[in-house]
Structure formats: C-alpha cells, structure tokens
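Below is one structure, written out as structure tokens; the observations come after it.
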Amino acid sequence: MSSKSAPPLIRFPNAQKSELLTLLQDWFDKELDQELGQFDAEFLLDFIAAQMGPYFYNQALADAQALIAARLDSLNDGFFELEKPLG
Numbered sequence: 012m013s014s015k016s017a018p019p020l021i022r023f024p025n026a027q028k029s030e031l032l033t034l035l036q037d038w039f040d041k042e043l044d045q046e047l048g049q050f051d052a053e054f055l056l057d058f059i060a061a062q063m064g065p066y067f068y069n070q071a072l073a074d075a076q077a078l079i080a081a082r083l084d085s086l087n088d089g090f091f092e093l094e095k096p097l098g
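Just so we're on the same page, our numbering is the position in the sequence shown counted from 1, plus 11.
Below you can see the structure in the form of structure tokens.
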C-alpha cells in the first residue's frame with residue numbers, strides 16, 4: 012500500500028465537513044490531550060473517508076437492504092392474509 016491516501020470516496024458539503032473537522036479536533040483534545048490543527052484534521056478526515064468510508068458505506072447499504080427485505084416480507088405476508096379461502 013502506498014503512503015499516499017486515495018481521494019475521499021465521500022465528499023461532504025462544506026458545513027458538514029466543518030462540523031466533522033470540529034468533532035475530530037474536539038475528540039483529539041478531550042480523549043488524547045492533543046491539539047489537532049486544521050490541516051492535520053483535514054488530512055485525517057480525508058484518510059478516514061478514503062480508507063474507511065467504503066466499509067461504513069457498504070455496511071449502510073447492507074443494513075438498508077436488510078430493512079427493505081424485512082419490510083417486503085411483511086408486505087408479502089399481508090397479501091397472503093387478504094386471500095380468500097377456496098372451495
């Protein structure tokens with residue numbers, strides 16, 4: 012693996028990116044007692060988005076797919092309940 016990180020898969024609107032950067036900086040300060048400057052916070056956020064983002068994204072898709080499948084099963088059960096007895 013090269014030392015250069017790939018461009019982020021996920022791009023956030025400026026307001027969200029700013030909020031995420033603040034969250035990272037606050038976490039570093041509180042949990043690690045380390046100051047994380049703006050440049051370093053952006054670099055870390057880009058790394059997380061590029062390298063870890065696909066894992067979160069794929070899990071979110073799997074969760075959404077499971078939710079939709081469960082809802083479709085429930086809907087399908089509802090159709091069977093509407094069937095009229097034959098004979």
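Positions of the beta carbon are idealized from the N, C-alpha and C atoms, including for glycine.
Less than 7 angstroms between the beta carbons of L47 and Q36, yes or no?
yes
Beta-carbon gap between G64 and I21 smaller than 7 angstroms:
yes
Cα-Cα, which of F39, K41, A77 and D57 is closest to F23?
D57
Alpha-carbon to alpha-carbon, R82 and Q76:
10 angstroms
Comparing the CB of D57 with every heavy atom of the ligand NAD, is any distance shorter than 6 angstroms?
Of ligands this structure carries none, so the ligand NAD is not represented either.
Would you call A26 buried or exposed, if buried means 16 or more other Cβ atoms sit within 10 Å of its Cβ?
exposed
One question on the structure: do A2 and L32 come within less than 7 angstroms of each other, judged by their Cβ atoms?
Missing from the structure shown is residue 2; the chain here goes from 12 to 98 and no further.
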